[in-house]
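Asks:
Numbering (the working numbering), first residue to last: 7 to 48.
(1) So for residue 46, helix, strand or coil by DSSP?
(2) Within the continuous alpha helix (DSSP H) that includes residue 29, where are the two ends?
(3) Is residue 12 helix, strand or coil when you go by DSSP?
(4) Straight-line CA distance for residue 30 to residue 36?
Structural data, given as structure tokens:
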């Protein structure tokens, strides 16, 4: 995944990156994998 920074505007690039990550479902997956869950608990 790649986001370009234009005119040294890092805030705008960061917002674009967060939006892309959210669309891909990365945040949801990270939240699920924060703690180990035994197969019997699933």
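Backbone N, C-alpha and C fix where the C-beta goes; we use that ideal spot for every residue, glycine too. Since the structure is predicted, the reported quantities are computational estimates derived from the model, not experimental observations.
Replies: Per the coordinate set shown:
(1) helix
(2) 16–30
(3) Taken through DSSP and simplified to helix, strand or coil, residue 12 comes out as coil.
(4) For residue 30 and residue 36, the distance between alpha carbons rounds to 12 Å.
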